[in-house]
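The block underneath contains the structure these notes are about, expressed in structure tokens.
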Amino acid sequence: MWRTGAPNQNLLENDDFPSLGTSQTRRATKKSSAALQSYPEPVVGPPVGHVTQAAGDTSESLSRPVKKSERAAMQQVVSQTLKTHRPKKIPPELIQGFIDGEKNPVSALMEYSAMSRLATTFQECAPVNPSLGMRFACSCTVDGQEFPQGQGKTKKEAKTNAAKNAFTELLNLEVDDEPDASKVLYDALGRKIVLNSDNSDSGIKVVTTMDREESNNKMLTAAGALTRNPISVLQEFCQKKRMPFTISASDVAGPDGFIASICVNNEEQPIAQAPGKTKKEAKRLAADNAVQFLMQLDAPQMPEEEATHFDKVASCAHHKLYKLLQGIPEYLAGRKVMSAFVLQKDEELGEVVALGTGNTCINGDGLSMDGRVINDSHAEVIARRALVKYFYSEAKNFYQGNASIFVESPCTPGLLSLHPDISIHHYISTAPCGDGALFSPSELHEYITEDEGYTPFVSDRELVLLGEEGVERIENGVHLPTFTSDAHGNLRTKIETGEGTIPLEKNQEYVQTWDGIIQGKRLRTMSCSDKILRWNVLGVQGCLLSHFIEPVYITSVTLGNLFDHGHLSRAVCCRMPEVVNTLLPEGYMLNHPYLGRVTLYDAPRGCEKTNTLCVNWSLDHDKIEICDGRTGKSIETSPFRTGESGASRLCKAGFLHRYRELSKISGKQHLLGAGNYLDAKKLNAKYEEAKKTFRDLIKERGYGHWVTKPVEQGLFKK
Ligand SMILES: [Zn+2]
Ligand SMILES: [Zn+2]
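21 is the number of the first residue of the sequence shown in this note's numbering; add one for each residue after it.
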């Protein structure tokens, strides 16, 4: 392992850029455009400040909108009046019915309120953390006391959850993590098993107040999740692994205090122990140790001697991700598609410099004119943006006289280029969406091959079909793309709120307009395969950075799963005709990277489709940032945050800021003349020409028209 460049003096500053007080999201423009065209104003989200139901013995219905202060005063009066009546006795069946899930929480709460003479109201409100698919929220107030809001995909669900929260807290039904018994058992699904001390004959009772899906929802909406109780983290971890575990604490305190132990899989030998001043403290510390220990066991193995280049790249990538996610709850980190860029110097495989996870795109209504959201949160795209951010910090290092991966370009005066001994390798945990994933997995696995015939350069299918000669050619770096269907090679787009990709109309341009998306047209984003193809023609550095460095091309692409040489080579380079090399401006070329698959190393597979969170990291900053792909912004509990607005450090505005900073440091004052993001891009005529050549050729080939975002997205100034 070796490090490149000197760490920046002020890391925070490097990631910081001016934040706007108000965010110009599409939602904000929605109103004005609707008003201009005198359409009825569309209802966006639940109305706020509207009391939907009043309960208890109140005689009048509070159905008109009421001011908050007014409402509180009213409740005060109502509850005072009610308290003069004697409350009725609460039947235990009511509470039991609620606990068992047989009684609807809203009815249970209303009945309870009526019997107890408590004024209970529900109010729709804005979700505290609206980004996780929970569009609606409802808060419940009982006797003037407001309980934690309930959220839901529907108004009804939000109300039910609000009632559940209120009733649970009101009656103290929440199970304490420090029950009387010193030993708590959990079953294989992570459900708490309570030893019934009153009646030992009844044996063990499993408490199931929530089904698994519900408990997952609860976990997803929990705020402040990064400072969670380690016992919950352990419980969650063991639930995923279906590993029963026990937590026990000594009855008497020794010289170190109480000792807590954690055992798994019904084994007697504890996997972790810890002392504490109280039993509770000891248990928490022991749980923390246990989580660390179990995650260590779960860590990907580092490569052995016989590992191939592709194995090493994959192992580096997964190991880095594993280390970065240590201590981050599983449900936040997720097991999703992951992608990374690994830097190699000379023959030695260096280090991961950028990585990303994720497989979602922004919702149309999250689209923003201020450049502060990320539109495409697929792992490859996030990792590429993180790589560009790393490049900026390295270019800055160069201009400031520090060690850097860049040197003065021997070809183009005024530009930097990657050090000749350095190469960059791309890892993706699975086939990139779009053209590169356009085959059925069974197609690859219906061929069974002998072990000795194995090579990481082709799939089993190809090993059989291509024969020794074909395989040898591929091993020598030749690409033999597969074109067996009319669909092969076509541009495809990811679609808003949908899985997978769809092809573009062949001879028709698909223009996305701002007002079109406002009126509900589904936002379309180019697939990862198409974007990687572009990187193999224009370089990975992007337009703005091309003002400072020469195009950077990727040396190899490694897939963790679903690798097929024929399909991947077609998708990421070979569908672009070679003639492009004669048309591109100087410095640009069609790059055919080495392609290979992981073998020795068992790449973790699978992606959680419901989890929209994505992680980004690059070498120039130690902390990861966790964003929600649906909003394109960082979440409140993200270890790194730019500020209250949650603009990701990988957003366009961040890059415009870095571009201007580098313009000053490098003495390229003329670049500061660009008034907005789009202007800064247009200033780079050479890159724009290369981009046009690329798009024209794709179109000529009949693969479709490249789809872009509405131009309004690029007009922000800072
Ligand atoms: Zn993708
Ligand atoms: Zn190729």
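Just so it is clear, CB atoms sit at the ideal spot from N, CA and C, and this is done for glycine as well. Because the structure is a prediction, the values reported are computed rather than measured.
{"Item": "Fully enclosed by the region 510 to 590, which beta strand (DSSP E) runs are 3 residues long or longer?", "Value": "512 to 515, 521 to 523, 544 to 546 and 576 to 579"}
{"Item": "Counting only the same chain and skipping the five closest in sequence on each side, list residues whose C-beta sits under 7 Å from that of Leu565.", "Value": "Val408, Phe411 and Tyr412"}
{"Item": "According to DSSP, is Tyr6 part of a helix, a strand, or is it coil?", "Value": "Coverage of the chain is limited to positions 21 through 738, which leaves residue 6 absent and any answer about it impossible."}
{"Item": "In terms of residues, what are the limits of the beta strand (DSSP E) holding Glu113?", "Value": "Careful: Glu113 lies outside any beta strand (DSSP E), inside the alpha helix (DSSP H) at Pro112 to Ile119."}
{"Item": "Assuming Asn395 and Gly652 form a contact by the criterion Cβ under 8 Å, report the distance between their Cβ atoms to the nearest whole angstrom.", "Value": "6 Å"}
{"Item": "Residues in its own chain within less than 7 Å of Arg680 by CB, not counting five upstream and five downstream?", "Value": "Leu692"}
{"Item": "Quickly, what does DSSP pair Leu377 with across the bridge? List them, please.", "Value": "Here the sequence assigns Thr to residue 377, which means Leu is not the residue at that position. Its beta-bridge partners are Met358."}
{"Item": "Can you tell me the Cα-Cα spacing of Val484 and Leu464, whole angstroms?", "Value": "11 Å"}
{"Item": "Which of the three DSSP states, helix, strand or coil, is assigned to Val727?", "Value": "coil"}
{"Item": "Roughly how many whole angstroms lie between the Cα atoms of Val227 and Phe313?", "Value": "Note that Val227 scores a pLDDT of 33, beneath 50, so its modelled location is shaky and nothing firm can be said."}
{"Item": "At what residues does the alpha helix (DSSP H) containing Ser252 begin and finish?", "Value": "Pro250 to Lys261"}
{"Item": "Grouping DSSP H, G and I as helix and E and B as strand, with all else coil, what is His612?", "Value": "coil"}
{"Item": "Using only CA atoms, which one of Asp441, Thr377 and Leu435 lies nearest to Gln364?", "Value": "Asp441"}
{"Item": "Is Ile646 helix, strand or coil when you go by DSSP?", "Value": "strand"}
{"Item": "Quick one: grab the DSSP three-state call for Gly454.", "Value": "coil"}
{"Item": "Specify which residues have a beta carbon nearer than 6 Å to any heavy atom of ligand 2, listing them in chain order.", "Value": "His499, Ser589, Cys593, Cys594 and His612"}
{"Item": "For Glu598, collect the residues of the same chain with a Cβ closer than 7 Å to its Cβ; drop the 5 residues on either side in sequence, then sort them by chain order.", "Value": "Leu610"}
{"Item": "With a cut-off of 8 Å on the beta carbons, I'd call Ser359 and Glu400 a contact; round off their distance for me.", "Value": "4 Å"}
{"Item": "Helix, strand or coil, according to DSSP, for Glu189 in the structure here?", "Value": "helix"}
{"Item": "Taking only heavy atoms of ligand 1 into account, decide whether any of them is closer than 7 Å to the Cβ of Glu288.", "Value": "no"}
{"Item": "Suppose only complete runs of 3+ residues qualify. What are the beta strand (DSSP E) ranges in the region 128 to 155, listed by chain order?", "Value": "140 to 145"}
{"Item": "Closer than 7 Å by C-beta to Thr432: which residues in its own chain qualify, once you throw out the five before and the five after it? Chain order, please.", "Value": "Glu570 and Gly607"}
{"Item": "Are there any heavy atoms of ligand 1 lying less than 7 Å away from the beta-carbon of Ser638, as far as the coordinates show?", "Value": "no"}
{"Item": "Okay, do the region 286 to 296 and the region 571 to 580 touch, 3+ Cβ pairs below 8 Å being the bar?", "Value": "no"}
{"Item": "How many angstroms separate the CA atom of Asn704 from the CA atom of His439?", "Value": "23 Å"}
{"Item": "Would you identify the three-state DSSP class for Cys336, choosing helix, strand or coil?", "Value": "helix"}
{"Item": "When you get a sec, list the residues whose CB is within less than 5 Å of any heavy atom of ligand 1, chain order please.", "Value": "His398, Cys453 and Cys548"}
{"Item": "Could you say which of Met263, Ile291 and Glu720 lies nearest to Asn285 if we only look at CA atoms?", "Value": "Met263"}
{"Item": "Quick one: what's got a C-beta closer than 6 Å to Thr101's C-beta in the same chain, skipping five residues either side?", "Value": "At Thr101, the pLDDT of 35 sits below 50, so the modelled position is not reliable and the matter cannot be decided from this model."}
{"Item": "Measure the alpha-carbon distance for Asn510 versus Glu709 and round it to whole angstroms.", "Value": "22 Å"}
{"Item": "Measure the C-alpha to C-alpha separation of His338 and Ser462 and round it to an integer number of angstroms.", "Value": "26 Å"}
{"Item": "Quick one: what's got a C-beta closer than 7 Å to Glu301's C-beta in the same chain, skipping five residues either side?", "Value": "none"}
{"Item": "Do Ala128 and Phe187 have their beta-carbon atoms positioned less than 8 Å apart in this structure?", "Value": "yes"}
{"Item": "Quick check: the region 118 to 133 against the region 173 to 184, are at least 3 beta-carbon pairs closer than 8 Å?", "Value": "yes"}
{"Item": "Looking at the structure shown, is Cys594 part of a helix, part of a strand, or coil, going by DSSP?", "Value": "helix"}
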